[in-house]
Amino acid sequence: MRILHVITQKPFATGSGVYLTGIVEAMGKDHEQHIICGLNQGDEIVLPNTNHPLTWDSVVFKSTELPFPVPGMSDVMPYQSTLYSGMSDDHAEKMLQVFLEKIERSIHSFAPDLIIFEHLYLLTAEAARWIRSQEDKVAKIPLMGICHGSELRQFGNTQRWHQMIREGIGLLDRVVSTHGEQAKQIHAVYQIPSGLIRVLGSGFDDTLFNLKEGQEEQPMPPNPLQLVYTGKLAKAKGVPELLNACDQVARHHSIHLTLIGGGANPRETAEIEALAAEKSYPIKLTGLLQQKDIVKIYRQSHIFILPSYYEGMPLVVPEALACGMSVAVTNLPGFSDWLKPFASRVNLIKRPDMGSMDEPSDEGRLEFTDSIAESILFLAKGLGKSAMPDLSNLTWRGLATRLLSSVDKFTNL
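Following this note's numbering, the numbering of the sequence shown begins with 360 at its first residue and continues without gaps.
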């Protein structure tokens, strides 16, 4: 099978980019693929290793043709990006035009049997509309859209293009959701039949994220207790509350906190760095790291914390579990069912009372800080007392198999 992948963002940063890279590598064992992605001028792309040919093409932003940064599906991105809420109609039209030209060229030169779009948003919708308007052979190419969750939030925050997006998403043959609650949201937001949607979960690279041969599952005894957060340095990710929660944990344990990731909002990043500098316990801010370096930290750590106020299906959770850590994560919609098989290593942090989609109320913020601390302390008591969970169903290979099995249901491929 020949598979064309399309993403407006960088294919090597943020959750959706890692997702794309993961399924491309897994599908590359048996299928030829081509990627169309968005890059800022000067960016480099690193392609995964595949058995079958893998080629790529890019739409270049911060260029003469598109003189603005690559758009970000989240309002906080770890690199310079354009907010959809602030994108002018002229910029949106130019972006879509350039992407559609690339897609048309790839359809005729690469001749895909299947096109997979990342994010159920502007480009996916417009590309689906264009493809369905073409001559018979092109119009019948099977189209799949992957939901990452961030576009649902963007759809709610940006009161533009709603009708166009709904019409385009409704032309897809298959829509893929990561969990059941998200599938319900997709049905409600895009007003598409539930029968188009498949809940297939996510994946992680088990060839990289695993226990080193001969390594104990978790270094014991935990002195100090090694805590890790990976993600954007942003208020919406609950990082300030995590820092304050660790004040409470430090009264019971000697601790060390590592924050892995960068920030896109300079003011927020500076505030978080200033708050970290005030703490009495040691904190290391690593900035953005390559995955091989993240694995080294994970294998030497005890508890991973992800106190986000919103998430799709975070890849960092199974990655942390695979390296032997226990995980504290906010009890967001769909997470309870998703993480139930790994309950011995996972503690769900009670979601706070929210003042907005990604901001808790003042009272909720204080309660959430306490809940994070309680979750960390609970997991600390159980370190070394439970067996490693079976994560085989959460690997990229497992996800790729489910995706292509889903394709078989609506095409003869």
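Glycine residues also receive a C-beta, built at the ideal position from the N, C-alpha and C atoms.
As assigned by DSSP and simplified to three states, the class of residue i
i, result
"residue 503", "strand"
"residue 700", "helix"
"residue 496", "helix"
"residue 650", "helix"
"residue 551", "coil"
"residue 570", "coil"
"residue 730", "helix"
"residue 370", "coil"
"residue 625", "helix"
"residue 446", "coil"
"residue 477", "strand"
"residue 523", "helix"
"residue 435", "coil"
"residue 713", "strand"
"residue 483", "helix"
"residue 673", "coil"
"residue 760", "helix"
"residue 719", "strand"
"residue 380", "helix"
Burial state of residue i (16 or more Cβ within 10 Å)
i, result
"residue 737", "exposed"
"residue 716", "exposed"
"residue 554", "exposed"
"residue 594", "buried"
"residue 369", "buried"
"residue 434", "buried"
"residue 367", "buried"
"residue 693", "buried"
"residue 347", "A query on residue 347 cannot be resolved here, the shown segment of the chain reaching from 360 to 772 and no further."
"residue 444", "exposed"
"residue 631", "buried"
"residue 518", "exposed"
"residue 550", "exposed"
"residue 714", "exposed"
"residue 305", "Lying outside 360 to 772, the shown extent of the chain, residue 305 is not represented and no answer is given."
"residue 604", "buried"
"residue 495", "exposed"
"residue 822", "Residue 822 cannot be examined here, being either before or after the span of the chain that is shown, 360 to 772."
"residue 498", "exposed"
"residue 403", "exposed"
Other residues of its chain near residue i: CB distance less than 6 Å, five sequence neighbours each side excluded
i, result
"residue 726", "711"
"residue 609", "640"
"residue 475", "364, 503"
"residue 524", "484"
"residue 645", "619"
"residue 450", "427"
According to DSSP, residues forming a beta bridge with residue i
i, result
"residue 643", "617"
"residue 361", "391"
"residue 416", "395"
"residue 533", "503"
"residue 430", "441"
"residue 689", "708"
"residue 664", "687"
"residue 584", "614"
"residue 404", "Its beta-bridge partners do not exist; DSSP assigns none."
"residue 754", "563"
"residue 558", "536"
Same chain only: Cβ atoms within 7 Å of residue i, ignoring 5 sequence neighbours per side
i, result
"residue 558", "536, 538, 539, 542"
"residue 600", "666, 724, 727, 728, 731"
"residue 544", "511"
"residue 406", "413, 415"
"residue 690", "707, 708, 709, 710"
"residue 704", "680, 685, 686, 745, 748"
Beta-carbon proximity list for residue i, same chain, < 8 Å, skipping 5 on both sides
i, result
"residue 722", "712"
"residue 581", "612, 661, 739, 742"
"residue 658", "570, 571, 574, 682, 683"
"residue 758", "381, 382, 385, 559, 560, 561, 562"
"residue 437", "372, 373, 591, 620, 621, 622, 623, 647"
"residue 471", "361, 362, 363, 393, 465, 500"
Heavy atom of the ligand PLP within 7 Å of residue i beta-carbon
i, result
"residue 375", "What this structure holds is no ligand at all, so the ligand PLP is not there to describe."
For this session: Say whether the segment 528-535 touches the segment 640-652, bearing in mind that this needs 3 or more beta-carbon pairs closer than 8 Å, one atom from each stretch.
Result: no
Exercise. Would you call the segment 491-509 and the segment 385-392 touching, i.e. three or more CB-CB distances under 8 Å?
Worked result: no
Exercise. Given 8 Å as the limit, is there contact between the segment 371-380 and the segment 481-489, that is, 3 or more CB pairs closer than that?
Worked result: no
Problem set entry | Given 8 Å, three or more beta-carbon pairs between the segment 746-756 and the segment 604-620 | no
Exercise. For the 8 Å Cβ check, are there 3 or more pairs between the segment 608-617 and the segment 694-701?
Worked result: no
Exercise. Should the segment 678-686 be regarded as contacting the segment 650-660, the criterion being three or more beta carbon pairs within less than 8 Å?
Worked result: yes
Exercise. Taking contact to mean at least 3 C-beta pairs separated by less than 8 Å, is the segment 511-525 in contact with the segment 464-471?
Worked result: no
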